[in-house]
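For the sequence shown, the UniProt record's numbering gives the first residue as 1, with consecutive numbering after it.
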Amino acid sequence: MIFATRNRIIKDIFCNRRVFTRLISFQTLSTPNPNALKFISPECKILPIENKTLEFTSTLQAVHSPLALKIMKVPGVRSIMLGDDFFTVNKQDHLNWANLKPEIVEVADEFLTSKKEPVVTKEVIESSEKEAEESENDSEVVSMIKELIATRIRPAIQEDGGDIEYKAFDEETGRVFLKLRGACKSCSASEDTLKNGIESMLMHYIEEVNEVEQILDPEEEIAIKEFDRLEQNLKRRKESEDDSPPPSL
1 MIFATRNRII
11 KDIFCNRRVF
21 TRLISFQTLS
31 TPNPNALKFI
41 SPECKILPIE
51 NKTLEFTSTL
61 QAVHSPLALK
71 IMKVPGVRSI
81 MLGDDFFTVN
91 KQDHLNWANL
101 KPEIVEVADE
111 FLTSKKEPVV
121 TKEVIESSEK
131 EAEESENDSE
141 VVSMIKELIA
151 TRIRPAIQED
161 GGDIEYKAFD
171 EETGRVFLKL
181 RGACKSCSAS
191 EDTLKNGIES
201 MLMHYIEEVN
211 EVEQILDPEE
221 EIAIKEFDRL
231 EQNLKRRKES
241 EDDSPPPSL
């Protein structure tokens, strides 16, 4: 008992004032997405909202989170998702984690140990509380969908540094609209996860569900269109080369 109390006191000291060169130890966990890395901090709570994650994909969005804003300003960071005791960072393709990770850890460590600013603004917390109140008016089917996501789907996705958010349910078509966040958002296996994993589970347990559709951010839709256009150009070029007569000897 004395040993446990002493450990707790030491942890409190580590979380509230700077001792030696680093106080908060961050464990990093690789994800299925090579451009996303999960930073875990068992010592200190990061997001002061229970069972919630917040994602920021631009410095404009990050004005609602001083911590996210500082990390977003690290060159090469594309987005950040904050969770209870972790945050997931998405980087640009051409950068190496070996160079980027130390700078991210330094920024997060300095912010969390100084405690000069809140992790998120008061407006964000109030908005989250309002969402929780609105959920009390959900229909039975929507409540079942949210419960299944919370208990069976979210834990597995969060293990990989991502998250999933329920957005809407169309009762006429049986279509569920979801938003993937963090490491899962830009992962090459996200579509497979959505269809073969999430959709199959929801349809199995809730007969009203017929389909699951992912909601994309505007920049994600643009990126997908650009990728499709590139694929079409490459396909046409290959067909043109195949139709060309062989060179004469």
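For every residue, glycine included, the Cβ atom is placed at its ideal position computed from N, Cα and C.
Item	Value
Whole-number beta carbon distance between Lys-167 and Lys-179, since they are thought to touch under 8 angstroms	5 angstroms
Alpha helix (DSSP H) runs wholly inside the segment 72–158, at least 4 long, in chain order	97–114, 122–134, 140–148
Whole-number beta carbon distance between Val-89 and Leu-47, since they are thought to touch under 8 angstroms	About 14 angstroms separates the two Cβ atoms, so there is no contact after all.
Cβ neighbours of Val-124 in the same chain (closer than 6 angstroms, five flanking residues each side left out)	His-64
Residue nearest to Asp-85 in terms of C-alpha spacing, selected from Glu-117, Met-203, Ile-24	Ile-24
Ser-30 (DSSP reduced to helix, strand or coil)	strand
Simplified DSSP assignment, three categories, for Ala-223	Per-residue confidence for Ala-223 stands at a pLDDT of 44, beneath the threshold of 50, marking its modelled position as unreliable; the derived number appears in the next sentence. DSSP places Ala-223 in helix when its eight states are reduced to three.
Uninterrupted beta strand (DSSP E) stretches inside the segment 171–206 (no shorter than 3 residues)	175–182
Proximity to Ile-104 [Cα-Cα], best of Phe-39, Ser-114, Pro-155	Phe-39
Where Val-212 falls: helix, strand or coil (DSSP)	strand
Given Asp-138 as reference, the closest of Gly-161, Asp-170, Ile-164, Glu-110 once Cα atoms are compared	Asp-170
Counted within 10 angstroms of its Cβ, other Cβ atoms place Ile-145 as buried (16 or more) or exposed	buried
Test item: CB-CB of Lys-91 and Arg-78 under 8 angstroms	yes
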